[in-house]
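Respectively, the protein sequence lines represent chains A and B.
Counting in the working numbering, the first sequence runs without a single skipped number right up to 412 at its last residue.
Counting in the working numbering, the second sequence runs without a single skipped number right up to 844 at its last residue.
The C-beta atom is built at its ideal place from N, Cα and C for all residues, glycine as well.
Source: prediction; values computed, not measured.
Take a look at the structure below.
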Amino acid sequence: MDERGSAIERLYRERYIGFRNAAATVSGDYESARDAVQEGFARAYRSRAQFRSEGSLEGWVWRIVLRTALEQRQSPAELPLDEIDAELVEPGRDPVLAEALRELSPRRRLIVFLRYFADLSYATIAETCEIDEGTVAATLAQARTALAQRLIEEGVQP
Amino acid sequence: MIELQDDLLAAHLAAIANPLDDSDWLDVVRRAQPPRTRRRRLLVLGLAAAFALVATALAFGWPQSLIDFFRASPAPKPVKNNFGAMNVIASQGMSPRTIPGQARRIMSAVFNGHRHVLYVAPTRDGGFCYEWTTAMGSCAPPKHPRPLPGKPAGVPAGPLATLGAGVQETRGGLPGIVTGYVIAGKAKTVDAEFAGGGSVSLPITWVSAPISAGFFVYEVPAAHRTRGTAVRAIVARDRDGKVVARELFPVENLLDRATARRLPDGTRVSLPRMAEVAKARKLISFRASNGSAVWLWVMPARGGGRCYVFNQGSGCLLARFEKKAMAMADGLSIGTRRVLYWAQLKPLVAEVELRYQDGTIEHVKPVAGFILHEVGPTHYALGHRLKTAVGLSAKGAIVASHPFTPNAHGIYPCEKPVARGYSVKSCP
Numbered sequence: 255m256d257e258r259g260s261a262i263e264r265l266y267r268e269r270y271i272g273f274r275n276a277a278a279t280v281s282g283d284y285e286s287a288r289d290a291v292q293e294g295f296a297r298a299y300r301s302r303a304q305f306r307s308e309g310s311l312e313g314w315v316w317r318i319v320l321r322t323a324l325e326q327r328q329s330p331a332e333l334p335l336d337e338i339d340a341e342l343v344e345p346g347r348d349p350v351l352a353e354a355l356r357e358l359s360p361r362r363r364l365i366v367f368l369r370y371f372a373d374l375s376y377a378t379i380a381e382t383c384e385i386d387e388g389t390v391a392a393t394l395a396q397a398r399t400a401l402a403q404r405l406i407e408e409g410v411q412p
Numbered sequence: 417m418i419e420l421q422d423d424l425l426a427a428h429l430a431a432i433a434n435p436l437d438d439s440d441w442l443d444v445v446r447r448a449q450p451p452r453t454r455r456r457r458l459l460v461l462g463l464a465a466a467f468a469l470v471a472t473a474l475a476f477g478w479p480q481s482l483i484d485f486f487r488a489s490p491a492p493k494p495v496k497n498n499f500g501a502m503n504v505i506a507s508q509g510m511s512p513r514t515i516p517g518q519a520r521r522i523m524s525a526v527f528n529g530h531r532h533v534l535y536v537a538p539t540r541d542g543g544f545c546y547e548w549t550t551a552m553g554s555c556a557p558p559k560h561p562r563p564l565p566g567k568p569a570g571v572p573a574g575p576l577a578t579l580g581a582g583v584q585e586t587r588g589g590l591p592g593i594v595t596g597y598v599i600a601g602k603a604k605t606v607d608a609e610f611a612g613g614g615s616v617s618l619p620i621t622w623v624s625a626p627i628s629a630g631f632f633v634y635e636v637p638a639a640h641r642t643r644g645t646a647v648r649a650i651v652a653r654d655r656d657g658k659v660v661a662r663e664l665f666p667v668e669n670l671l672d673r674a675t676a677r678r679l680p681d682g683t684r685v686s687l688p689r690m691a692e693v694a695k696a697r698k699l700i701s702f703r704a705s706n707g708s709a710v711w712l713w714v715m716p717a718r719g720g721g722r723c724y725v726f727n728q729g730s731g732c733l734l735a736r737f738e739k740k741a742m743a744m745a746d747g748l749s750i751g752t753r754r755v756l757y758w759a760q761l762k763p764l765v766a767e768v769e770l771r772y773q774d775g776t777i778e779h780v781k782p783v784a785g786f787i788l789h790e791v792g793p794t795h796y797a798l799g800h801r802l803k804t805a806v807g808l809s810a811k812g813a814i815v816a817s818h819p820f821t822p823n824a825h826g827i828y829p830c831e832k833p834v835a836r837g838y839s840v841k842s843c844p
């Protein structure tokens, strides 16, 4: 296998769960998220020769996977990624957090999911959503404060 | 502060993240192949599957098919892990004793708009457990039950059920998806019966020994998603059409259905509709040792009785069931960083004595029939945990007693959770 193909396989094997869980917040459930990750990686693998090394390979694959997850939900494919209306898949498992997340803007929600479900660095989130790294940092800081404040108000501790 | 917020959020999201690893790189590579090759392969596979289906349908009579368990594809590792995890997370004596290494892929079906796969694993006691991917699952009772603790060997743990069915409810609380199993033997067919009359025969996929059972899944059509036409029962019949087993799905009282509600102080909670939230009053309120707020509210229930809600649970006791209620209904409510003892008491219980393994005793008096009490960090370590809760009358007589299991894992918080196998970690 070529170097780029190996890198995609390594990314898949090391980060699959993060991809699936973050994609689920976009597609709506884990089964369609799994399909989106499989199909997204297949597309990336098939067209790896077209990757132009302008950003990281990881950011490029993330964009493909999130777009594929968006297709599963039949949302407009041209929707900017930072406007995706991502939501918790099983809100009943933490209703207070789900409610608090709902009060965030779609951009903040997606960035929170990419950071905490997929463990992405600020740089990769910025690249994936095609926004500045500073915007990611500021958005995360605001979202963190709002969510933590809400959780503490509700008396919910980890 | 940022680190604290970061930890808080990370802990909450980690707790609800799906840990299942159902990755399959070969599937990615297969999907990445040029469409022409893939189409040809799919055609060949499709023809083979159709041939097998026709053959089994002819042999066993449509709509039934037969799967040879040991010739079925082994389940992927994440699924085997799920079956193994059932054994390690179960409380003492409740492990289904699955054999994860023998788990097999049985069939797939489309429901809820997605394809789901059924996996089945035998258990060491002659039963089996099954799961539909990302949907639901259960375990059948063992054919050779182990003796219950304190009972002589050979006494069965319970009757062997012929039929087991579970439902995934619609938003209106009616059966939307029905899945289940029927044990091979007398039962030959399975029907779904509707409120208002009528029934439909469900296709069964029979699985050979050691499972020896048939599986079914039924996506209830829109016409049967109203209260007057909903699925009310699943029945198994013998070859003469006689009912040999029945699983009922009673009509849920809409007042019993939990919905998101807001307490008078604005706190959002989940409570049944019967709870008169506007009349709620806060009975108990204090700060736990980790600084978190602990509270309990009570309110009347429509139709008589009362409902309660606290940080980690809620319930209602209707007036008509009050006589039958236990004198002391209690338990431990587990959090990742605090443990609460809660109790709902009849008036004859004037006080509860909490007895710990290290000899420590705490006396707690109820407030209007409720107790919410923190079991502090000094009682987290083995050797110091809650052993028994004893209900005492006003004269000091024992009127109720509840023994706990101090060595059960996963109840008390700890610094370093221990790996239990199958990707499960819990506190000792």
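### Query
Between the beta-carbon of A290(A) and the beta-carbon of A276(A), is there less than 7 Å?
By one-based count along the first sequence, residue 290(A) stands at place 36. By one-based count along the first sequence, residue 276(A) stands at place 22. Against a cut-off of 7 Å, the Cβ pair of A276(A) and A290(A) comes out as no contact.
### Query
Roughly how many angstroms separate the alpha carbons of L712(B) and I750(B), rounded to a whole number?
One-based indexing of the second sequence puts residue 712(B) at position 296. One-based indexing of the second sequence puts residue 750(B) at position 334. Just so you know, the alpha carbons of L712(B) and I750(B) end up roughly 16 Å apart.
### Task
Just the chain E side, please: which residues come within less than 9 Å of T675(B) by C-beta, in chain order?
Absent here is chain E; the protein component of the structure consists of chains A and B.
### Message
Give me, in chain order, the residues of the same chain whose beta-carbon lies closer than 7 Å to that of E387(A); leave out the 5 immediate sequence neighbours on both sides.
### Response
The count along the first sequence starts at 1 and reaches residue 387(A) at position 133. Cβ-Cβ distances below 7 Å link E387(A) to Y376, A377 and A380 in the same chain, with the five nearest sequence neighbours on each side left out; the list follows chain order.
### Query
If you count every other CB in all the chains shown that lies within 10 Å of the CB of G630(B), and 16 or more means buried, which is it?
Here the question's residue 630(B) lines up with position 214 in the second sequence. It counts as buried.
### chain B contact residues for P360(A), given Cβ-Cβ distances below 8 Å
Residue numbering aside, residue 360(A) sits at position 106 when the first sequence is read from its first letter. Within 8 Å Cβ-Cβ: nothing; P360(A) doesn't reach chain B, min ~17 Å.
### Task
Sort V765(B), R771(B), G775(B) and H795(B) by Cα distance to V783(B) and report the nearest one.
One-based indexing of the second sequence puts residue 783(B) at position 367. The shortest Cα separation from V783(B) among V765(B), R771(B), G775(B) and H795(B) belongs to V765(B).
### Query
Taking R415(A) as the reference, which of S359(A), A298(A), G309(A) and G346(A) has the closest Cα?
Here chain A comprises residues numbered 255 to 412, so residue 415(A) is not present and cannot be evaluated.
### Query
Of all Cβ atoms in chain B, is any one closer than 7 Å to the Cβ of R347(A)?
On the first sequence, position 93 is the one that residue 347(A) refers to. Answer yes: the Cβ-Cβ gap between R347(A) and chain B drops below 7 Å somewhere.
### Task
Classify D746(B) as buried or exposed, calling it buried when 16 or more other Cβ atoms lie within 10 Å of its own Cβ.
Translated into the one-based positions of the second sequence, residue 746(B) becomes position 330. With 16 or more other Cβ atoms within 10 Å, it is buried.
### Task
Could you say if the segment 598-611 of chain B and the segment 653-660 of chain B meet the contact criterion of at least three C-beta pairs nearer than 8 Å?
With the rule of 3 Cβ pairs closer than 8 Å, the segment 598-611 of chain B counts as touching the segment 653-660 of chain B.
### Query
For R722(B), is the classification buried or exposed, using 16 other Cβ atoms within 10 angstroms of its Cβ as the cut-off for buried?
Taking the first residue of the second sequence as 1, we reach residue 722(B) at position 306. Per the 10 Å Cβ criterion, buried.
### Task
Report yes or no: is there a C-beta of chain A within less than 7 Å of the C-beta of H818(B)?
The residue labelled residue 818(B) in the question sits at position 402 within the second sequence. Not an interface residue.
### Message
Less than 7 Å between CB atoms is the rule here; does L425(B) satisfy it with respect to chain A?
### Response
For the purposes of this step, residue 425(B) is taken as residue 9 along the second sequence, with counting starting at 1. For L425(B), the answer is yes, since a Cβ of chain A falls inside 7 Å of its Cβ.
### Message
If you follow the beta strand (DSSP E) that G437(B) is in, where does it begin and where does it stop?
### Response
Translated into the one-based positions of the second sequence, residue 437(B) becomes position 21. At residue 437(B) the sequence reads Asp, which differs from the Gly that was named. Taken as a continuous stretch (DSSP letters only), D437(B) belongs to no beta strand (DSSP E), as it is neither H nor E.
### Query
Which one of G596(B), S817(B), Y796(B) and P435(B) has the shortest CA to CA distance from L770(B)?
Your numbering for residue 770(B) matches position 354 in the second sequence. When only C-alpha atoms are compared, the closest one is S817(B).
### Message
For the ligand NAD, is there any heavy atom lying closer than 6 Å to the beta carbon of E293(A)?
### Response
Within the structure as shown, the ligand NAD is missing, as the structure has no ligands at all.
### Task
Indicate whether P345(A) and A354(A) have their beta-carbon atoms separated by less than 7 Å.
On the first sequence, residue 345(A) is found 91 positions in, with the first residue counted as 1. On the first sequence, residue 354(A) is found 100 positions in, with the first residue counted as 1. For P345(A) and A354(A), no; Cβs fall outside 7 Å.
### Message
Below 8 Å on the Cβ atoms is my contact criterion, and I expect P490(B) with R520(B) to pass it. Report the Cβ-Cβ distance as a whole number of Å.
### Response
Position 74 of the second sequence, counted from the first residue, corresponds to residue 490(B). Position 104 of the second sequence, counted from the first residue, corresponds to residue 520(B). Their Cβ separation, rounded to whole angstroms, is 6 Å, which keeps P490(B) and R520(B) in contact under 8 Å.
### Query
What beta strand (DSSP E) runs, 3 residues minimum, are completely inside the segment 671-745 of chain B?
The segment 671-745 of chain B contains these whole beta strand (DSSP E) runs: 674-678, 684-688, 697-703, 709-716, 721-726 and 729-734.
### Task
Please classify T776(B): is it buried, with 16 or more other beta-carbons within 10 angstroms of its beta-carbon, or exposed?
For this step, residue 776(B) is matched to residue 360 along the second sequence. When all chains shown are included, T776(B) counts as exposed.
### Task
Give a yes or no on whether 7 Å exceeds the smallest Cβ distance from Q292(A) to chain B.
The residue labelled residue 292(A) in the question sits at position 38 within the first sequence. For Q292(A), at least one C-beta of chain B is nearer than 7 Å to its own C-beta.
### Message
So if I threshold CB-CB distances at 9 Å, which residues from the segment 438-451 of chain B count as touching chain A?
### Response
Flagged, chain order: D438, S439, D440, W441, D443, V444, V445, R446, R447, A448, Q449 and P450.
### Message
For P637(B), count the other beta carbons within 10 Å of its own beta carbon; 16 or more makes it buried, fewer makes it exposed. Which is it?
### Response
Here residue 637(B) refers to the residue found at position 221 of the second sequence. The residue in question, P637(B), is exposed, as its Cβ has fewer than 16 Cβ neighbours within 10 Å.
#### Entry: Buried or exposed (CB count within 10 angstroms, at least 16 for buried), D438(B)
Here residue 438(B) refers to the residue found at position 22 when the second sequence is read from its first residue. Burial call: buried.
### Query
Near R801(B), what residues of its chain come up, given a Cβ to Cβ distance below 6 Å and the 5 sequence neighbours on each side ignored?
For the purposes of this step, residue 801(B) is taken as residue 385 along the second sequence, with counting starting at 1. So the list reads Q773, H795 and P822, once near-sequence residues are dropped.
### Message
Less than 7 Å between the beta carbons of V598(B) and A525(B), yes or no?
### Response
Against the second sequence, residue 598(B) aligns to sequence position 182. Against the second sequence, residue 525(B) aligns to sequence position 109. No; because the gap between Cβ atoms is not below 7 Å, this pair is not in contact.
### Task
Find the nearest neighbour of T393(A) within the set W314(A), Q403(A) and L358(A), judged by alpha-carbon distance.
Counting from one through the first sequence, the residue named residue 393(A) turns up at place 139. Selected option, being the one with the closest Cα: L358(A).
### Query
Counting along the chain, where does the alpha helix (DSSP H) carrying R648(B) start and finish?
Taking the first residue of the second sequence as 1, we reach residue 648(B) at position 232. Segment V647 to R653 is the beta strand (DSSP E) holding R648(B); no alpha helix (DSSP H) there.
### Message
Check for me: the alpha helix (DSSP H) holding D607(B) runs from which residue to which?
### Response
Taking the second sequence and counting its residues from 1, the one referred to as residue 607(B) is at position 191. Run containing D607(B): none in the alpha helix (DSSP H); it sits in the beta strand (DSSP E), T605 to F610.
### Query
Excluding five sequence neighbours on each side, which residues of the same chain lie with their C-beta closer than 6 Å to the C-beta of P479(B)?
As a first step, residue 479(B) must be located in the second sequence, where it is residue number 63. Any reading at P479(B) must be qualified, since the residue scores a pLDDT of 49, below 50, and its modelled position is unreliable; the value itself is stated next. Taken in chain order, the residues that qualify are P619.
### Message
To the nearest angstrom, how far is the alpha carbon of P716(B) from that of D672(B)?
### Response
In the second sequence, the residue the question calls residue 716(B) occupies position 300. In the second sequence, the residue the question calls residue 672(B) occupies position 256. P716(B) and D672(B): Cα-Cα distance of roughly 14 Å.
### Message
Between which two residues does the beta strand (DSSP E) holding F527(B) run?
### Response
Working through the second sequence from its first residue, we reach residue 527(B) at position 111. Counting along the chain, the unbroken beta strand (DSSP E) around F527(B) starts and ends at R520 to F527.
### Query
Which same chain residues, not among the five before or five after N503(B), have their C-beta less than 7 Å away from its C-beta?
To locate residue 503(B), count along the second sequence from 1; it is residue 87. Answer for N503(B): S511, P512, R513 and T514, listed in chain order.
### Task
Quick one: list the residues of chain A neighbouring P845(B), beta-carbon separation under 8 Å, in chain order.
Summary: the structure shown does not reach residue 845(B), with chain B confined to residues 417 through 844, and so no result is reported for it.
### Query
Applying the criterion that 16 or more other CB atoms from any shown protein chain within 10 Å of the CB defines a buried residue, is Q326(A) buried or exposed?
Locating residue 326(A) in the first sequence gives position 72, counting from the first residue. The residue in question, Q326(A), is buried, as its Cβ has 16 or more Cβ neighbours within 10 Å.
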